[in-house]
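Each remark here refers to the structure printed beneath this line.
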Amino acid sequence: MTYVDYAATGQEALSRIAQADDLETLERLRVAFLGKQGSISGLLKTLGSMTSEQRQSEGPKIHALREQVTSALAGRKAELEQAELEARLATETLDLSLPAPEARLGSVHPVSQVMDELAEIFADMGFAVATGPEIEDDWHNFTALNMPESHPARAMHDTFYFPDPADGGGRMLLRTHTSPVQVRTMVSQGAPVRIIAPGRVYRSDSDATHTPMFHQVEGLVIDRGIHLGHLKWTLETFLKAFFEREDIVLRLRPSYFPFTEPSVEADVGFAHENGRRVLGGSGDEPGHGWMELLGSGMVNRRVIEMSGLDPDEWQGFAFGVGVDRLAMLKYGMDDLRAFFDGDVRWLRHYGFSPFDQPTLSAGVGARA
Ligand code: PHE
1 MTYVDYAATG QEALSRIAQA DDLETLERLR VAFLGKQGSI SGLLKTLGSM
51 TSEQRQSEGP KIHALREQVT SALAGRKAEL EQAELEARLA TETLDLSLPA
101 PEARLGSVHP VSQVMDELAE IFADMGFAVA TGPEIEDDWH NFTALNMPES
151 HPARAMHDTF YFPDPADGGG RMLLRTHTSP VQVRTMVSQG APVRIIAPGR
201 VYRSDSDATH TPMFHQVEGL VIDRGIHLGH LKWTLETFLK AFFEREDIVL
251 RLRPSYFPFT EPSVEADVGF AHENGRRVLG GSGDEPGHGW MELLGSGMVN
301 RRVIEMSGLD PDEWQGFAFG VGVDRLAMLK YGMDDLRAFF DGDVRWLRHY
351 GFSPFDQPTL SAGVGARA
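Just so you know, we're using my numbering here: the sequence shown kicks off at 1 and counts up by one.
Structure representation (structure tokens):
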């Protein structure tokens, strides 16, 4: 066995490590000492060919040497890294006067925007916002709205039905309109009532202007002595504020809904401007027309009764409008399906700034 001066070997290794002045040199030293072919790794291998006595005397020395070198390498590495960081901090300067990088902002979907506009307009007339479940039961969606089991009007509201696990014979459905919120509100809060109820509704329908899911806003006023004049004034005031035009003209046409009596369909007059329909003016003027906009009427006394109120004391009006349709008319989109495709280019183009909350004083429809 050749004599090895571990102390001298150690001294030399430590001084070379201390002199290494960059991380690359240090890494080369690590490989030279401790790598597979490294000198200290080589010493460790000699243990295999020693007698057990030699191994007892030499083993601890070799291991101590290896540990000494390992910790010297780690210490020097930390020093060099710190020095590198300090050097970088000394040269890197931060200019706080530069504009901050612009964060990508999302946009408010036109449906949400219009719902916010509606809430703002109706809040000014004393209406609260009410909500109801999208998974509705048969009673609230149909029966309590004067559409019993075999009523033919149910056929126009084809939707997705499934069994109600809580009630053996009962069934649940995706609500076909927001009108069940009328019933829910009267049942839960009694009278008087002044609410709008925006939300999603579902019907088995699909083309450029119909999607299986769409949005409606319901309006309901229940009080003493409410009559058709209140309905007409409310609709006119709402539509003028929403479309931001004083010249909106309404035409009320007799219609039929099982839950209102009498029922009226409200049409708005429009003109053709550059090939586009623009709301405003009477539809009877030359070149103008009437566009069907919403369904409404005086709440049927049977609905008031089924909702737990006395129809001889309380009466009122209700209306229902398509929110998507209002958005299309106001903001000029022509394909409803694009509303729900989630195409980010469409959203950027038609979306609204989240910082631009609609207010009556600043204009409910302020463009982003
Ligand atoms: N719920 C009706 C529909 O979806 C609209 C409506 C609401 C009509 C309230 C009258 C009163 O077609």
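The beta-carbon is built from N, C-alpha and C at its ideal position, and this holds for glycine as well.
Neighbourhood of residue i by C-beta, 7 Å cutoff - its chain only, sequence neighbours within 5 removed
i    : result
T9   : L65
L55  : Contrary to the premise, residue 55 reads as Arg rather than Leu in this sequence. Once the five neighbours on either side are set aside, the close Cβ partners of R55 are L47.
D158 : R203 and S204
G289 : F270 and G283
K61  : Y6
I370 : As shown, the chain starts at 1 and ends at 368. That puts residue 370 outside it, with no answer to give.
H230 : V221 and F317
Euclidean distance between Cα positions of residue i and residue j
i    : j    : result
S150 : D137 : 16 Å
F40  : A32  : Note on identity: in this sequence residue 40 is Ile, with Phe being the wrong assignment. Those two C-alpha atoms are separated by around 8 Å.
E265 : P254 : 6 Å
P198 : H215 : 7 Å
G38  : V4   : 16 Å
W233 : D267 : 14 Å
E292 : K240 : 16 Å
P286 : M172 : 49 Å
L14  : Y6   : 12 Å
H140 : E102 : 49 Å
H109 : F122 : 20 Å
E27  : Q82  : 16 Å
L44  : D22  : 28 Å
Y350 : L279 : 20 Å
L73  : L98  : 42 Å
R175 : P133 : 8 Å
P354 : P212 : 28 Å
P192 : V344 : 43 Å
L220 : Y256 : 17 Å
F127 : A100 : 42 Å
Buried/exposed call for residue i, threshold 16 Cβ in 10 Å
i    : result
F317 : buried
L96  : exposed
S361 : exposed
T156 : The residue asked about is misnamed: residue 156 is Met in this sequence, not Thr. Burial call: exposed.
I135 : exposed
E117 : buried
G363 : exposed
Q189 : exposed
R194 : buried
A90  : exposed
D324 : buried
G42  : exposed
G275 : exposed
E359 : Before going further, note that residue 359 is Thr rather than Glu in the sequence given. Per the 10 Å Cβ criterion, exposed.
Bridge partners - residue i, DSSP secondary structure assignment
i    : result
M298 : F317
Y202 : M213
G351 : G351 pairs with nothing; no bridge assigned.
A197 : E218
P163 : R171
R253 : E265
I248 : G281
V114 : Per DSSP, none; premise fails for V114.
G289 : F270
Own chain residues within Cβ distance below 6 Å of residue i, not counting five before or after
i    : result
A119 : V129
M147 : A153, R154 and P258
D247 : G280 and G281
T209 : L336
E86  : none
Chain-order list of residues whose beta-carbon lies under 8 Å from that of residue i (same chain, five-residue window excluded)
i    : result
L235 : L250, A266, L294, S296 and F319
V187 : S307 and G308
K330 : V114, F242, F243 and G365
Y161 : R171, M172 and L173
V370 : Outside the displayed range of the chain (1 to 368) lies residue 370, so it cannot be described from this structure.
K77  : L23 and L26
Exercise. Taking three-plus beta-carbon pairs below 8 Å as touching, is the region 252-267 in contact with the region 298-308?
Worked result: The way I'd put it, the region 252-267 does touch the region 298-308; three or more beta-carbon pairs between them come closer than 8 Å.
For this session: Give a yes or no on contact between the region 168-184 and the region 103-113, applying the rule of three or more CB pairs nearer than 8 Å.
Result: Short answer: they don't touch.
Exercise. Is the region 203-223 close to the region 317-337, with three or more CB pairs under 8 Å?
Worked result: In this structure the region 203-223 touches the region 317-337; the number of beta carbon pairs closer than 8 Å is three or more.
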